[in-house]
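In what follows, a structure is listed as structure tokens, so that the remarks can point back to it.
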Amino acid sequence: MVIFYFKIMDAFQKAAKLIAESRHIVAFTGAGISAESGIPTFRDPGGIWDQFDPDEVGTTGGLIATLSQRPEVIRDFLLKTVEIFEQAKPNPGHIGLKELEDLGLLKVVITQNIDNLHQEAGSSNVIEVHGNLFRARCLSCGRKQQLNKKELLARTRKILEEDPRPAPQKLLEILPHCPYCQSYTRPDVVMFGEPVQQLPEAFQAASSCDLMLVLGTSGVVYPAAALPYQAYENKAKIIEINPTDNYYSSITDVYLSETAAKAMPKLVDLVKDLL
Ligand SMILES: [Zn+2]
């Protein structure tokens, strides 16, 4: 037990040293970091896709069909989503990354999450490869508008609670129309079968870092999952933080078997001692 404890501390010391010696860190985050803010993962047992059929609500075609045939399914899905995001706040994992930015070490966060929590924690340079749930994209001209999360959640809840079987038209009115051309908008998130966003920027960031922190991602959703390999090929050190497994074991310099929320505060403290 004592030996095990020292082994863990050694890994943290080693990770802190690598971080303190770096000048251009990029973080790559996945569902694991948001799970600790109460946002369930999609694919895991008990996740969103255990409760809802991705064919019905996970593709644009499915959504449109379900909206006209079974709007109550969309209503339940949206209500569940609203409940989750009303509660979700950045956790110490998100805040730790913001602190590394404040220390001048971390330059970019690349996230696969759509929950806006890195921005809420204060990270200023976030690349969102799967989009952002609180941004609307015009179905006609494609222009995007960032929405006020609190207002959107409150308006959605009100519409859903007013009517247990809302007309599709009513659900379409949840998002504001495009301010430029007045057309309908959709959430600016990447659904199944759609291309990821900001991929060139993400690969550019991965190529230019000297250290990549990989947090809470199982590395299965490509092409984003290839980003740590891109960093490694450009001689970056790789630190993986994940309580489940060392998914990038073939390229990892240090693996911390911890959640981001537990690991980041410890790491930031150790890094500050070294600067
Ligand atoms: Zn428009």
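Heads up: the sequence shown begins at 2 in the numbering used here, then just goes up one per residue. Using N, Cα and C, we set each Cβ at its ideal position, and we do this for glycine too.
- If you check the C-beta of residue 249 against ligand 1, you find no heavy atom less than 6 Å away.
- The three-state reading of DSSP puts residue 265 in helix, counting H, G and I together.
- Per the C-alpha coordinates, the member of 138, 137 and 117 positioned closest to residue 128 is 117.
- Runs of alpha helix (DSSP H) with 4 or more residues, each lying fully within the stretch 121 to 198, are found at 150 to 163 and 169 to 173, listed in chain order.
- The closest CA to that of residue 230, considering only 141, 211 and 260, is found on 211.
- DSSP lists 112 and 216 as the bridge partner or partners of residue 30.
- Under DSSP, residue 256 shares a beta bridge with 241.
- Here residue 181 is exposed, its C-beta having fewer than 16 other C-beta atoms within 10 Å.
- Between residue 106 and residue 209, the beta carbon gap of about 14 Å keeps them out of contact (Cβ cut-off 8 Å).
- Remark: the shortest separation between the CB of residue 210 and any heavy atom of ligand 1 does not fall under 6 Å.
- At a cut-off of 6 Å, the beta-carbon of residue 185 does not count as near ligand 1: no heavy atom of the ligand is closer than that.
- In the DSSP assignment, residue 107 is bridged to 26.
- With respect to residue 221, residue 97 sits apart: the two C-beta atoms are not nearer than 7 Å.
- Comparing C-alpha distances from residue 207 to each of 35, 226 and 217 shows the shortest one belongs to 226.
- The Cβ atoms of residue 228 and residue 29 sit closer than 7 Å to each other.
- Residue 20 carries a helical assignment under DSSP once its states are collapsed to helix, strand and coil.
- Residue burial annotation: residue 260 is buried, with at least 16 other C-beta atoms found within 10 angstroms of its C-beta.
- Distances from the CB of residue 141 to the heavy atoms of ligand 1 include at least one below 6 Å.
- With the rule of 3 Cβ pairs closer than 8 Å, the stretch 48 to 68 does not count as touching the stretch 140 to 151.
- Distance from the C-beta of residue 144 to the nearest heavy atom of ligand 1 is below 6 Å.
- Here residue 126 has 109 as same chain residues with Cβ atoms under 6 Å from its own Cβ, once five neighbours each way along the sequence are excluded.
- Here the alpha carbons of residue 78 and residue 53 stand approximately 7 Å from one another.
- A Cβ-Cβ contact shorter than 7 Å links residue 197 with residue 130.
- Here DSSP, grouped into helix, strand and coil, assigns residue 233 to helix.
- Nearest neighbour of residue 92 by Cα position, chosen from 168, 185 and 120, turns out to be 120.
- With fewer than 16 other Cβ atoms inside 10 Å of its own Cβ, residue 223 counts as exposed.
- Nearest to residue 112 by alpha-carbon distance, out of 203, 246, 232 and 276, is 203.
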